[in-house]
Amino acid sequence: MTTLYVVLIFGVGTLFWASVGVLRYLLERAKRRSPQRRVGQGPSPSAADVAVIVPARNEAAVIAESIEAAAAIVPRENIFVVSDASTDLTADISRAAGVNVLELDVNAGKAGAIVAGLRHFDLCRRFEVVMFMDADTRPSPDYMTTGLPAFRDRDVVAVAGYAKSMVDPLPAQWIGRLLVAYRQRFYTVLQLLFKYGQAAESLNVVSIVPGFASMYRASTVSMIDISAPGLVIEDFNMTFEVHAKKLGRIAFHPGAAVAFTQDPDNFRDYVHQIQRWALGFWQTVRRHGLHAGVFWLALAVHIFELILSALLLVFLIPLFTISVYGSTVSGSGDAFSRFAFDVYSFWPPQSIAVGIYLPDLVLTLIAVVALRRSSLLLWAPLFPLIRIVDAAVCLSTLPRAWSGSSGRWTSPTRRKLQIEADVAISARSESVLTENERREE
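The opening position of the sequence shown corresponds to residue 7 in my numbering, with each subsequent residue numbered one higher.
Here you go:
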């Protein structure tokens, strides 16, 4: 019985794609010994060929540092901020940082803001590559030098960034530190055990190019319906468009295009964010449906396993509670006692606990080794509870996929740094001075 839990919770897909990833790693090591340029390869774009577009709504707390991080990897004039009807100093701070700014009067949503920025600045014609970056993103200093070479392969139309959770500054409350630790593990496991294998050149079944820090060929962006109606988020849809229209291959490697994102540090924002992600996934599946092809087969298997494991996780707590009660009664009492005893006989509480915690602990250990962060073990006993929350959200959003969404957004509460506060004050002062000068004229 414990083996069944391990398979259902750990996932057949995890084992399969992890195996594919190991095979890919071995093949890539062998290829490094023969460095000849392959047929179909061209020159790599440079950082000057990349436009960075940053949709932002009320991001004054974090936009300044994100702009500076972007300016460290591309020329500052290549950065384009779209303030989506912000009511704070997002636009003023961005202008003070010396980048291009477009202010929208009406909240268009993230996808709508991206489309508006692409059109207003004519980015698909002016640049070879477009990088999509969130206002809380911190791309690594070597983001371009590691990510752009993938575009040498003319079949590659997108480079999925390698996501890492930002731990500086750490949340002040323990729940925030727990959520950030969980997301650190989530990103690591998802990318190393799933995405690395899915991005194997002969398969090309990556299901998500994260919208917070990834790159597309500009010519490909012009063929994607970014702001499709009825979707709450855009990145799943953009990825599915690549597969549905057979535009090319999505590249991904753990050592390339690394970027950090600031995850929610309170439970309300956390649930709100994963609701958007889950709903966006189901809405995208509804919009595109399933077709013939390797990607769509992999997607169908993933959906089946996702629903099955979510159902199991959601029913674990009542199942465990009934099993514990069944261990205290005989099989000859009232109807519920007999039922509880039967549950206990088939699913002993220790079997449930081991079946859930053992595979979950393995995932944590993988993240500990990969991140070299042993502190994750301190939070490991609570990670299954967060997984149950994720499972409940996943199932609850499924029926909502058939109801449209406006795409309008509210960013989670950001952890503010002093440097950003100083820039905000400076920008406010400049704005006041400019307005006074206008009045004097």
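From the three backbone atoms N, C-alpha and C, an ideal C-beta is built for every residue, glycine too. Predicted, not measured: the structure shown is a model, and the values here were computed from it.
Distance between residue j and residue i (C-alpha atoms, nearest Å)
i	j	result
residue 98	residue 66	9 Å
residue 90	residue 350	55 Å
residue 390	residue 370	11 Å
residue 55	residue 156	14 Å
residue 318	residue 356	16 Å
residue 75	residue 217	17 Å
residue 214	residue 241	7 Å
residue 446	residue 134	Residue placement at residue 446 is flagged as unreliable, the pLDDT there being 40, under the threshold of 50; a coordinate-derived value is accordingly withheld.
residue 406	residue 37	46 Å
residue 382	residue 363	14 Å
residue 344	residue 332	8 Å
residue 301	residue 80	33 Å
residue 30	residue 260	12 Å
residue 23	residue 112	43 Å
residue 176	residue 397	26 Å
residue 379	residue 338	51 Å
residue 365	residue 354	18 Å
residue 108	residue 122	9 Å
residue 424	residue 138	The pLDDT assigned to residue 424 is 39, lower than 50, so where the model puts this residue is not dependable; a value taken from the coordinates is nonetheless given after this. If I take the Cα positions, the gap works out to 26 Å.
residue 21	residue 32	17 Å
residue 102	residue 146	23 Å
residue 35	residue 202	14 Å
residue 152	residue 334	59 Å
Beta-carbon proximity check, residue i vs residue j, cutoff 9 Å
i	j	result
residue 373	residue 271	no
residue 243	residue 294	yes
residue 258	residue 190	no
residue 120	residue 220	no
residue 19	residue 308	yes
residue 224	residue 130	yes
residue 136	residue 222	yes
residue 163	residue 248	yes
residue 239	residue 117	yes
residue 115	residue 82	no
residue 53	residue 154	yes
residue 408	residue 292	yes
residue 265	residue 165	no
residue 358	residue 384	no
residue 403	residue 303	no
residue 401	residue 316	yes
residue 57	residue 92	no
Pick from the options that is closest to residue i, judged by C-alpha positions
i	options	result
residue 110	104, 126 and 149	126
residue 100	133, 121, 81 and 60	60
residue 312	240, 399 and 208	399
residue 253	237, 303, 76 and 211	211
residue 143	129, 152, 275 and 170	170
residue 245	259, 227, 49 and 260	227
residue 4	167, 102 and 24	Here the chain comprises residues numbered 7 to 447, so residue 4 is not present and cannot be evaluated.
residue 197	28, 367, 124 and 239	28
residue 273	52, 183 and 86	183
residue 186	392, 409, 72 and 397	392
residue 1	377, 409, 387 and 388	Residue 1 is absent from the structure shown; the chain starts at 7 and stops at 447.
residue 158	47, 315, 347 and 26	47
residue 267	140, 199 and 339	140
residue 150	105, 280, 229 and 77	77
residue 172	188, 161, 23 and 165	188
residue 26	209, 265, 366 and 269	209
residue 306	321, 92, 195 and 288	288
residue 237	161, 284 and 290	290
residue 50	69, 128, 160 and 146	160
residue 348	360, 325 and 310	325
residue 181	200, 128 and 275	275
residue 94	64, 340 and 269	64
residue 327	235, 316, 342 and 314	342
residue 269	57, 68 and 35	68
residue 84	72, 106, 367 and 70	106
residue 174	230, 35, 71 and 229	71
residue 394	387, 320, 368 and 367	320
residue 375	35, 195, 361 and 200	195
Residues that residue i bridges to, as DSSP identifies them
i	result
residue 222	136 and 164
residue 170	266
residue 255	162
residue 144	266
residue 59	86 and 138
residue 47	159
Any non-hydrogen atom of the ligand FAD within 8 Å of residue i CB
i	result
residue 327	In the structure on display, the ligand FAD does not appear, and there are no ligands present to speak of.
Proximity test, Cβ basis, 9 Å: residue i and chain C
i	result
residue 188	Absent from the structure is chain C; it holds one protein chain and no more.
Where are the alpha helix (DSSP H) runs, 4 residues long or more, that stay fully inside the segment 350-382, in chain order?
355-377
Entirely within the segment 65-134 and at least 4 residues each: give me those alpha helix (DSSP H) ranges in chain order.
69-77, 96-102, 115-127 and 129-132
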